[in-house]
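Since the structure comes first, as structure tokens, the remarks are kept for the end.
2 protein chains.
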Amino acid sequence: MTLTADLAATTALDLGPARALSCRECGHRTALAAEFACPHCFGPLEVAYEFTGITRDSIEAGPKSIWRYRHLLPVPGDVQSHPNTEPGLTRLIEADRLAAALGVRKLWVKDDTGNPTHSFKDRVVAVALAAARELGFTVLCCPSTGNLANAVAAAAARAGWDSVVLIPSSLEKAKILTTAVYGGTLLAVDGTYDDVNRLATELAADHEDWAFVNVNVRPYYAEGSKTLGYEVAEQLGWRLPEQIVVPVASGSQLTKVDKGFTEFATLGLVEPTPYRVFGAQATGCSPVAKAFEDGHDVVTPVRPDTIARSLAIGNPADGPYVLDVVRRTGGAIGHVSDEEVVEGIRLLARTEGVFAETAGGVTVATAKKLLEAGALDPDAETVLLITGDGLKTLDAVTDRVGPTATVPSTSKAVREALAQHG
Amino acid sequence: MTLTADLAATTALDLGPARALSCRECGHRTALAAEFACPHCFGPLEVAYEFTGITRDSIEAGPKSIWRYRHLLPVPGDVQSHPNTEPGLTRLIEADRLAAALGVRKLWVKDDTGNPTHSFKDRVVAVALAAARELGFTVLCCPSTGNLANAVAAAAARAGWDSVVLIPSSLEKAKILTTAVYGGTLLAVDGTYDDVNRLATELAADHEDWAFVNVNVRPYYAEGSKTLGYEVAEQLGWRLPEQIVVPVASGSQLTKVDKGFTEFATLGLVEPTPYRVFGAQATGCSPVAKAFEDGHDVVTPVRPDTIARSLAIGNPADGPYVLDVVRRTGGAIGHVSDEEVVEGIRLLARTEGVFAETAGGVTVATAKKLLEAGALDPDAETVLLITGDGLKTLDAVTDRVGPTATVPSTSKAVREALAQHG
């Protein structure tokens with residue numbers, strides 16, 4: 001499915017260590033281009049690489065952003081000479097208090113709220129923008145209901161590109177504001193998110209200069225999530241964790257974290273120690289967890305109904321690959337109710353001072369549930385991925401948290417309130 | 001004004017390179033303790049140091065947070081062994097598109113929205129917490145209307161400390177949520193922010209284990225802002241900028257950025273090249289700008305009336321010191337209307353993909369105005385400090401930005417909308 005045929009023929013592309021696109025189903029290799037589906041079997045394409053000369057030192061000497069891993073990504077070696085966002089190298093914190101609350105021996109939280117627009121989407125969009133520039137695109141586009149819209153509009157603004165962001169017209173006003181503020185074209189589409197998605201695929205086929213980050217440049221875009229895996233390993237002191245819990249929407253992130261770990265081990269950057277990958281979903285949109293529980297290889301689509309909207313993909317493209325990774329590594333996939341999601345958000349905030357969006361609540365609450373079920377080993381070193389910010393999903397905690405007390409402005413009143421509530 | 005007399009006598013404090021507290025008015029030196037006003041003249045105390053063995057290499061080998069500068073801060077050398085937030089090392093981006101829009105040759109934006117709770121307050125609170133622990137306090141407290149409340153509640157949660165945060169009961173619900181979610185004691189006080197502030201001072205005197213970060217441990221707290229200056233210099237490649245524009249609330253941040261630059265030059269970490277420091281205020285709360293314009297040394301308090309609430313301190317404690325720094329370095333202080341603040345927010349977002357809170361709009365708009373007035377040199381390399389996040393002040397852009405168009409979900413409708421609005 002060549003969308004920009006003239007570009008596909010180009011051989012002078014500089015996409016760094018990327019050498020080809022490779023079909024995840026049939027293994028067919030095709031030249032680097034703006035393609036996303038195998039011309040033989042219509043399976044999804046992913047980037048194939050040839051890595052050279054990558055050492056811990058060369059990475060550590062790099063910039064304090066995902067571009068320190070540029071020689072492991074499908075981006076030009078001079079990626080930093082073009083304006084782009086500089087996401088990544090977010091905090092990995094030792095979460096001793098959350099560990100105690102959950103009954104885990106050793107726990108880390110990867111806090112990706114520190115990215116430019118406060119979600120991991122900045123990682124994938126930055127890689128998509130860099131690849132899209134090299135592929136000859138000039139407009140950055142996406143369908144989205146939130147985090148991706150923010151990231152695309154912001155990255156395009158910084159790069160001086162036009163952007164076209166499609167959102168359902170029913171989206172909450174706050175999410176419209178946080179995209180519209182960056183300028184660019186923001187189209188509110190009368191329809192569901194599925195309608196918006198279909199429209200994006202149509203438009204991508206019609207406009208050869210439009211890079212829909214999660215459609216026609218998806219193979220490049222998806223690689224950005226590898227950096228989450230790289231950073232966890234580097235920040236642990238160049239080693240792999242024993243367990244990691246990853247939220248599952250399309251499932252791409254989980255598979256790319258695994259890919260990142262595998263690449264680091266293959267390149268000798270870390271010892272190839274065993275690790276187990278766990279997936280987390282909201283019960284209201286848990287098709288992959290269901291397939292895992294049922295022992296199926298095929299994921300049956302569902303109609304999402306959960307407050308964890310950033311995970312509400314009812315027909316997750318990478319669902320089968322998530323099942324592969326989780327089963328291969330000996331992990332599991334759990335799911336939690338919206339009530340548990342809110343409790344997860346609050347537990348993380350209370351114990352570690354990290355305010356996550358609903359997806360983060362899913363991760364924390366699922367970790368708790370998997371521990372209780374004995375699927376997660378409490379004695380194994382564990383990392384939780386927190387991929388988005390609570391400021392963007394305030395509705396989840398509205399009417400759930402508030403002032404301890406309201407008092408007159410006297411120290412006597414404060415003392416009394418403390419005696420009563422302290 | 002010794003609040004915890006038993007602690008003040010302690011000589012075994014480990015506050016790193018800090019050696020004493022020194023009065024900024026009369027120069028009187030007093031032992032390190034939980035004091036904030038000179039026992040002789042009631043002038044403000046600040047930390048005096050003895051620095052040893054600090055090199056670029058030793059800093060670069062440190063953690064990727066403000067703790068890389070721990071040997072320049074009033075914190076124990078082992079500060080990282082206690083749970084705290086790890087703010088800092090936020091992006092310094094080359095802002096070529098904003099530079100072009102403003103007509104400046106070379107511009108950088110220091111984007112402090114990447115901190116744990118998305119404002120520079122995480123820096124000062126992290127230092128206050130580390131010092132407070134060493135000074136024997138066990139409860140972290142503040143009066144606040146926003147960013148500081150978030151930072152204190154989050155840091156206390158992570159450290160496992162109790163917190164007491166005082167807010168005016170009239171505060172917007174979103175700001176209450178983003179503090180309350182971290183747990184701790186959140187007291188809504190019936191009164192103005194001035195009432196809340198007075199109450200904090202009263203309570204600090206009454207509770208010897210309560211560290212009000214911006215009251216009784218203020219000398220330590222304030223030092224956290226030096227790290228903004230350090231980072232700018234390090235991230236520019238170990239050199240000072242020629243001009244820097246800093247928003248002014250209490251004025252502490254501006255004076256500490258200057259202190260950071262001076263220390264780096266004195267220690268030989270950067271060449272002692274000349275720099276000019278500029279202040280930015282909102283017209284609705286511009287007492288320091290007014291004093292600058294009038295050539296006064298004394299700042300006359302005002303009653304704030306501006307959308308830039310995080311800068312709305314009508315009686316800024318460090319106002320006179322801001323005037324000193326600005327005049328000594330050859331800078332200036334400008335002020336802008338609320339309308340200009342919103343335009344500043346939008347200009348920064350559109351050109352660089354950085355969504356700042358109202359204080360950031362003040363900085364950008366004031367830079368524009370100072371350039372137009374010829375006070376800022378367009379040929380000198382300039383840094384703008386963006387210290388807080390637009391997600392926290394969405395009201396400022398509500399009804400100002402929105403979708404380009406609302407369309408049915410067909411590609412024909414999209415084409416028509418683009419033709420009309422493109």
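Quick mapping for you: the protein sequence lines, in order, are chains D and F.
For what it's worth, UniProt numbering labels the leading residue of the first sequence as 1, then goes sequentially.
For what it's worth, UniProt numbering labels the leading residue of the second sequence as 1, then goes sequentially.
Positions of the beta carbon are idealized from the N, C-alpha and C atoms, including for glycine.
- Item | Under 8 angstroms between C-beta atoms of F/A282 and F/L311 | Here residue 282 of chain F is taken as the residue at index 282 of the second sequence, counted from 1. Here residue 311 of chain F is taken as the residue at index 311 of the second sequence, counted from 1. Contact: yes.
- Going by other Cβ atoms of all chains shown within 10 Å of its Cβ, with 16 needed for buried, is F/D338 buried or exposed? As a first step, residue 338 of chain F is located in the second sequence; it is residue number 338 there, counting from the start. It is buried - the Cβ of F/D338 has at least 16 other Cβ atoms within 10 Å.
- Query: Would a C-beta distance cut-off of 8 angstroms place D/Y285 and D/P272 closer than the cut-off?
  - Reply: Taking the first sequence and counting its residues from 1, one reaches residue 285 of chain D at position 285. Taking the first sequence and counting its residues from 1, one reaches residue 272 of chain D at position 272. Note on residue identity: the sequence assigns Cys, not Tyr, to residue 285 of chain D. The answer is no: Cβ separation not under 8 angstroms.
- Any beta-carbon of chain F closer than 8 angstroms to the one on D/F355? Numbered from its first residue, the first sequence carries residue 355 of chain D at position 355. Answer yes: the Cβ-Cβ gap between D/F355 and chain F drops below 8 angstroms somewhere.
- Return helix, strand or coil for F/L171, following the three-state DSSP convention. The sequence position of residue 171 of chain F within the second sequence is 171, counting from 1. Coil, per DSSP.
- Query: Could you give the distance in angstroms between the alpha-carbon of D/V325 and the alpha-carbon of D/N214?
  - Reply: In the first sequence, residue 325 of chain D corresponds to position 325, counting from 1. In the first sequence, residue 214 of chain D corresponds to position 214, counting from 1. One C-alpha to the other measures close to 21 angstroms.
- Task: Provide the residue(s) that pair with F/R91 in DSSP beta bridges, ordered along the chain.
- Result: Here residue 91 of chain F is taken as the residue at index 91 of the second sequence, counted from 1. F/D111.
- Counting along the chain, where does the beta strand (DSSP E) carrying F/A18 start and finish? For this step, residue 18 of chain F is matched to residue 18 along the second sequence. Residues 18-23.
- Item | Local conformation of D/P116 per DSSP, three classes | Walking along the first sequence from the start, residue 116 of chain D turns up at place 116. In this structure, D/P116 counts as coil in the three-state DSSP scheme.
- Could you please tell me which residues of the segment 397-416 of chain F, in chain order, have their CB closer than 9 angstroms to any CB of chain D? V397, T398, R400, V401, G402, P403, T404, A405, T406, V407, P408, S409, T410, S411, A413, V414, R415
- CA-CA distance, F/E94 and F/L240? Position 94 of the second sequence, counting from 1, holds the residue named residue 94 of chain F. Position 240 of the second sequence, counting from 1, holds the residue named residue 240 of chain F. When rounded, the distance between both Cα atoms is 15 angstroms.
- Below 7 angstroms CB to CB, which residues in the same chain sit around F/R19 once its five sequence neighbours on both sides are set aside? Residue mapping note: residue 19 of chain F aligns to position 19 of the second sequence, counting from 1. A48, Y49, E50, listed in sequence order.
- Query: Residue range of the beta strand (DSSP E) that F/Y49 falls in?
  - Reply: On the second sequence, position 49 is the one that residue 49 of chain F refers to. Taken as a continuous stretch (DSSP letters only), the beta strand (DSSP E) holding F/Y49 covers 45-49.
- Message: So F/S169 contacts chain D; which residues on that side make the cut at Cβ distance below 8 angstroms?
- Response: Within the second sequence, residue 169 of chain F is the residue found at index 169, counting from 1. Here the neighbours are P403, T406.
- Selected residue, minimal CA-CA separation from D/L384, among D/R400, D/A396, D/A359: Position 384 of the first sequence, counted from the start, is the residue given in the question as residue 384 of chain D. Per the Cα distances, D/A359.
- Cβ separation of D/H421 and D/T406, assumed to be a contact under 8 angstroms, to the nearest whole Å: The residue labelled residue 421 of chain D in the question sits at position 421 within the first sequence. The residue labelled residue 406 of chain D in the question sits at position 406 within the first sequence. Incorrect: roughly 11 angstroms between the Cβ atoms, too far for contact.
- Task: Tell me whether F/V127 is buried or exposed, calling it buried when 16 or more other Cβ atoms sit within 10 Å of its Cβ.
- Result: As a working mapping, residue 127 of chain F is identified with position 127 in the second sequence. The residue in question, F/V127, is buried, as its Cβ has 16 or more Cβ neighbours within 10 Å.
- Going along the chain, which residues of its own chain have a beta-carbon closer than 6 angstroms to the beta-carbon of D/L187, five neighbours each way excluded? Along the first sequence, read from residue 1 onward, the residue named residue 187 of chain D stands at position 187. Hits under 6 angstroms: L166.
- Message: Do D/D122 and D/T85 have their beta-carbon atoms positioned less than 8 angstroms apart in this structure?
- Response: Indexing the first sequence from 1 puts residue 85 of chain D at position 85. Indexing the first sequence from 1 puts residue 122 of chain D at position 122. Contact flag set, yes.
- Task: For D/H421, name the three-state secondary structure that DSSP assigns.
- Result: By one-based count along the first sequence, residue 421 of chain D stands at place 421. Three-state DSSP puts D/H421 in a helix.
- Query: Taking Cβ-Cβ distances shorter than 7 angstroms, what residues in chain D pair up with F/G160?
  - Reply: Walking along the second sequence from the start, residue 160 of chain F turns up at place 160. Those within 7 angstroms of F/G160 in chain D are R97.
- Taking Cβ-Cβ distances shorter than 7 angstroms, what residues in chain D pair up with F/D57? Within the second sequence, the letter at position 57 stands for residue 57 of chain F. None at all; the shortest Cβ gap to chain D is about 13 angstroms.
- Query: In chain order, which continuous runs of the beta strand (DSSP E) of length 3 or greater are located wholly inside the segment 269-306 of chain F?
  - Reply: 276-282
- Taking F/I313 as the reference, give the member of F/V288, F/T255, F/F36, F/K175 with the closest Cα. Looking up residue 313 of chain F in the second sequence gives position 313. Checked all of F/V288, F/T255, F/F36, F/K175; the closest Cα to F/I313 is F/V288.
- Query: Nearest-angstrom Cα distance between D/S81 and D/D379?
  - Reply: Here residue 81 of chain D refers to the residue found at position 81 of the first sequence. Here residue 379 of chain D refers to the residue found at position 379 of the first sequence. Taking the straight line joining both Cα atoms gives about 45 angstroms.
- Task: Rank D/P83, D/A332, D/G390 by C-alpha distance to the C-alpha of D/E293 and give the top, closest one.
- Result: Locating residue 293 of chain D in the first sequence gives position 293, counting from the first residue. That would be D/A332, whose Cα lies nearest to the Cα of D/E293.
- Message: Using a Cβ distance threshold of 8 angstroms, determine whether the segment 381-401 of chain D contacts the segment 152-161 of chain F, with at least three qualifying pairs required.
- Response: no
- Where does D/R29 fall in DSSP's three states? In the first sequence, the residue the question calls residue 29 of chain D occupies position 29. Looking at D/R29 - three-state DSSP - the assignment turns out to be strand.
- Under 8 angstroms between beta-carbons, which chain D residues line up against F/L107? List them in chain order, please. On the second sequence, position 107 is the one that residue 107 of chain F refers to. None at all; the shortest Cβ gap to chain D is about 13 angstroms.
- Item | Neighbouring residues, chain D, relative to F/T382 (Cβ below 9 angstroms) | Stepping through the second sequence from its first residue, residue 382 of chain F is reached at position 382. Near F/T382 there are no residues of chain D at all, since even the closest Cβ is about 18 angstroms away, more than 9 angstroms.
- Cβ-based contacts, 7 angstroms cut-off: residues of the segment 220-243 of chain F near chain D: none
- Task: Taking C-beta pairs closer than 9 angstroms, name the residues in chain D that F/A154 reaches, listed in chain order.
- Result: Taking the first residue of the second sequence as position 1, residue 154 of chain F is located at position 154. Neighbours of F/A154 on chain D, chain order: A349, E352, G353, V354, F355.
- Kindly say whether D/V181, judged by its beta-carbon, lies nearer than 8 angstroms to any beta-carbon of chain F. Taking the first residue of the first sequence as position 1, residue 181 of chain D is located at position 181. Interface residue, yes.
- Which same chain residues, not among the five before or five after D/S65, have their C-beta less than 7 angstroms away from its C-beta? Within the first sequence, the letter at position 65 stands for residue 65 of chain D. Only E86, P87, G88, L89 meet the Cβ criterion.
- Return the chain-ordered list of same chain residues with a C-beta closer than 8 angstroms to the C-beta of F/D395, the five sequence neighbours on each side being excluded. On the second sequence, position 395 is the one that residue 395 of chain F refers to. Correct list, in chain order: E172, I307.
- Query: If we count the other Cβ atoms within 10 Å of its Cβ and call it buried at 16 or more, is D/G334 buried or exposed?
  - Reply: Start at 1 with the first residue of the first sequence, and residue 334 of chain D comes out as number 334. Buried, since its Cβ has 16 or more Cβ neighbours within 10 Å.
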